[in-house]
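Just so we're aligned, residue 273 is where the sequence shown starts under this note's numbering, counting upward by one.
Built from N, CA and C at the ideal position, the CB exists for glycine as well.
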Amino acid sequence: MGAYYQYLVAFAAGVGGLLFGYEIGVIGQVLSMNSFAAYFGYRYKNAAGDYKDCTPDEYFTGCTSYAEDTTGWVTFTFLIGCVGGALIVSMMADALGRKYSILLGGLLFTIGGVLQSVANGLGVFYPGRVVGGIGVGIMSMSVPLYISETSPTAIRGRLTTVYQLMITIGIFIASVINSIIITVVDNASDTEWRLALGVQMIPGAILFVIMFFMPFSPRWLINRDRDSEALAILARLRNLPESDPAVAAEFKDIRDSVHEEREIGQASWPELFAPGIGKRTFLGFFLQFFQQWTGINVILYYQSDLFARMGIDKKAADIPFTLANNFINFVATFPGMYLIERVGRRKLLIWGGIMMGVAHCLVCLFFGLSQQTSALSWLAIVSVYIFLFGFASTWGPIVWTYQSEIFPMRVRAKGTGVATMSNWTWNAVIAKVTPKIIARINFYNYLVFAAACFIMATFTYVFVPETMGKSLEEMDEIFGAPEGAAEKKSKA
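Have a look at this one:
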């Protein structure tokens with residue numbers, strides 16, 4: 273079976289990323305659907321038969337909310353659920369296990385999809401968004417952690433980036449399915465948006481089924497004193513007999529590390545800021561902070577409106593340009609998967625930050641010039657694609673990989689939980705305020721993200737060490753041993 277089983281495990285768990293990707297891909301197009309906007313009262317049809325957004329300046333009979341408020345809340349409620357999911361799983365992942373955490377996340381995501389697709393008002397729709405968000409928040413922490421803990425050191429980075437790859441696949445699949453729905457289904461019928469949101473229940477159910485057949489994390493099993501099961505699964509993952517010296521050596525390293533950490537005592541939240549761990553928490557939090565300040569989710573959530581504001585016809589913005597955008601996002605992930613175990617995490621993050629910063633400056637420049645010369649809008653679109661390539665090959669996959677590998681076993685769930693909560697918190701903040709910012713400063717908002725990209729490249733150069741080629745048990749050599757472990761080693 274060779275490495276095929278290892279990849280099968282990574283891709284099976286990675287379906288959790290596909291769910292998140294589908295959510296990103298579906299919601300941007302759903303928010304631009306006239307059927308959805310009219311149903312929830314933030315768009316109206318005027319006397320000429322054209323749909324117009326409800327605004328404080330143009331508020332007509334039939335409007336029950338403002339466009340920028342409702343679209344912001346639809347995104348924000350989902351992301352608040354993601355923050356809650358990351359918090360919940362950071363407290364229960366060690367007891368429940370990585371595998372069962374993924375199963376729970378898939379179940380909640382599917383329930384959230386049901387609530388959204390049958391909603392008869394925002395009173396049902398918003399809770400559906402929150403429940404689905406909790407599911408994605410749980411999976412966003414537990415999937416990279418699960419893949420990292422089941423992967424061999426030599427290809428751990430590549431396998432962990434499968435999570436980001438599956439996100440991009442989910443985004444692209446959603447845009448394809450939505451494009452078909454927009455083309456085929458009556459645009460005035462609420463069937464259009466209900467079907468688009470309801471389809472996400474299918475991959476949710478698939479994840480729930482296939483994860484039952486996937487193995488537990490060997491490291492988690494050892495931490496639960498289930499050594500014989502852990503050895504058998506480790507041997508199967510490495511496609512070697514249990515008696516093989518390489519399997520025995522890896523098993524011993526994991527067990528010794530787990531037992532050593534256990535002797536220190538139960539991990540506590542304040543320990544995340546103690547010597548040996550504090551820098552890892554600092555890096556996990558700020559790498560996820562910066563990942564959101566690349567502006568990636570602003571482009572993905574509102575891409576249809578973005579292209580329309582560049583002067584592209586609405587139908588073209590909703591379908592071909594969105595499809596091209598999401599396809600580039602998907603394809604560009606592969607260079608990152610290839611380079612992560614050749615160039616390393618650090619260099620990719622530095623060059624990715626610079627590339628995205630330059631791309632944002634070009635978007636702002638050509639977007640502004642296109643207001644006078646419409647032909648230049650094509651250069652703005654190309655600049656968006658350059659940004660997407662830079663993100664998908666660097667900061668997209670690398671940050672999830674990095675946070676999942678730097679923490680020791682005893683605080684791994686808590687540490688990755690804090691980093692993941694940083695991701696979702698800033699995702700929520702940016703998604704909520706961006707429509708209002710764009711309404712006020714228009715295309716100059718890209719300069720804000722450009723500055724953030726240059727800052728994150730500098731941050732990586734100064735603070736982020738390379739982890740390529742190190743096993744999870746060897747991370748102390750880079751960051752320093754935790755206080756209790758260091759004292760134990762000195763006495764030994």
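Item: If you draw a straight line from the alpha carbon of residue 639 to that of residue 575, how long is it in whole angstroms?; Value: 14 angstroms
Item: Would you please state the rounded distance, in angstroms, between the beta carbons of residue 479 and residue 408? I believe it to be under 8 angstroms.; Value: No, residue 479 and residue 408 are not in contact; Cβ-Cβ is about 11 angstroms, not under 8 angstroms.
Item: Grab the span of the alpha helix (DSSP H) containing residue 294 for me, first residue to last.; Value: 276–304
Item: Going by the beta-carbon positions, is the gap between residue 704 and residue 397 smaller than 8 angstroms?; Value: no
Item: Measuring only the C-alpha atoms, how far is residue 687 from residue 751?; Value: 14 angstroms
Item: Spatial neighbours of residue 467 within its chain, please: C-beta separation below 7 angstroms, excluding the five flanking residues on both sides.; Value: 453, 457
Item: Once DSSP output is grouped into helix, strand and coil, what is the label at residue 704?; Value: helix
Item: With distances taken Cα to Cα, identify the nearest neighbour of residue 299 among 509, 717, 449.; Value: 449
Item: Given a threshold of 16 other Cβ atoms within 10 Å of its Cβ, counted over all protein chains shown, does residue 605 qualify as buried or as exposed?; Value: buried
Item: Nearest by alpha-carbon distance to residue 733: which of 559, 637, 608, 711 is it?; Value: 559
Item: Could you check how far apart the C-beta atoms of residue 358 and residue 412 are, in whole angstroms? I think they sit under 8 angstroms.; Value: 7 angstroms
Item: Would you decide whether residue 436 is buried or exposed? Buried here means 16 or more other CB atoms lie within 10 Å of its CB.; Value: buried
Item: Does DSSP classify residue 524 as helix, strand or coil?; Value: helix
Item: Report yes if the CB atom of residue 656 is closer than 8 angstroms to the CB atom of residue 683, and no otherwise.; Value: no
Item: Can you give the Cα-Cα distance for residue 621 and residue 727, rounded to whole angstroms?; Value: 11 angstroms
Item: Determine which residues share a DSSP beta bridge with residue 824 and list them.; Value: Here the chain comprises residues numbered 273 to 764, so residue 824 is not present and cannot be evaluated.
Item: Determine the direct distance from the alpha carbon of residue 486 to that of residue 415, and round the result to whole angstroms.; Value: 12 angstroms
Item: Where does residue 323 fall in DSSP's three states?; Value: strand
Item: Would you list the residues sitting across from residue 712 in a DSSP beta bridge?; Value: DSSP output for residue 712 lists no bridge partner at all.
Item: What residues in its chain sit with their C-beta under 7 angstroms from that of residue 696, if we drop five residues either side in the sequence?; Value: 351, 354, 355, 358, 409
Item: State the Cα-Cα distance for the pair residue 748 and residue 550, rounded to the nearest angstrom.; Value: 12 angstroms
Item: Alpha carbon to alpha carbon, how far is residue 465 from residue 302?; Value: 6 angstroms
Item: Helix, strand or coil for residue 496 per DSSP?; Value: coil
Item: Determine the closest residue to residue 737 out of 721, 627, 677, with distance taken between C-alpha atoms.; Value: 677
Item: Can you give me the start and stop residues for the beta strand (DSSP E) that residue 316 sits inside?; Value: 315–317
Item: Could you pull out every residue in the same chain whose Cβ sits closer than 6 angstroms to the Cβ of residue 502, ignoring the five residues on either side in sequence?; Value: 490, 493, 494
Item: Would the stretch 523–539 count as touching the stretch 657–666 if we require 3 or more Cβ pairs under 8 angstroms?; Value: no
Item: Do the stretch 380–392 and the stretch 717–727 make contact, defined as three or more Cβ pairs closer than 8 angstroms?; Value: no
Item: Could you give the distance in angstroms between the alpha-carbon of residue 296 and the alpha-carbon of residue 568?; Value: 11 angstroms
Item: CA-CA distance, residue 753 and residue 562?; Value: 26 angstroms
Item: Going straight from the alpha carbon of residue 731 to that of residue 625, what length do you get?; Value: 10 angstroms
Item: What is the residue span of the alpha helix (DSSP H) that residue 600 lies within?; Value: 592–603
Item: Mind reading off the beta-carbon distance from residue 707 to residue 343? Whole number of angstroms is fine, and I expect it under 8 angstroms.; Value: 6 angstroms
Item: Please list, in chain order, all residues of the same chain as residue 314 whose beta carbon is under 6 angstroms from its beta carbon, the five residues on each side excluded.; Value: 326, 337, 339, 342
Item: Return the chain-ordered list of same chain residues with a C-beta closer than 7 angstroms to the C-beta of residue 594, the five sequence neighbours on each side being excluded.; Value: 301, 447, 575, 576
Item: What do you reckon, are the CB atoms on residue 527 and residue 499 nearer than 8 angstroms?; Value: yes
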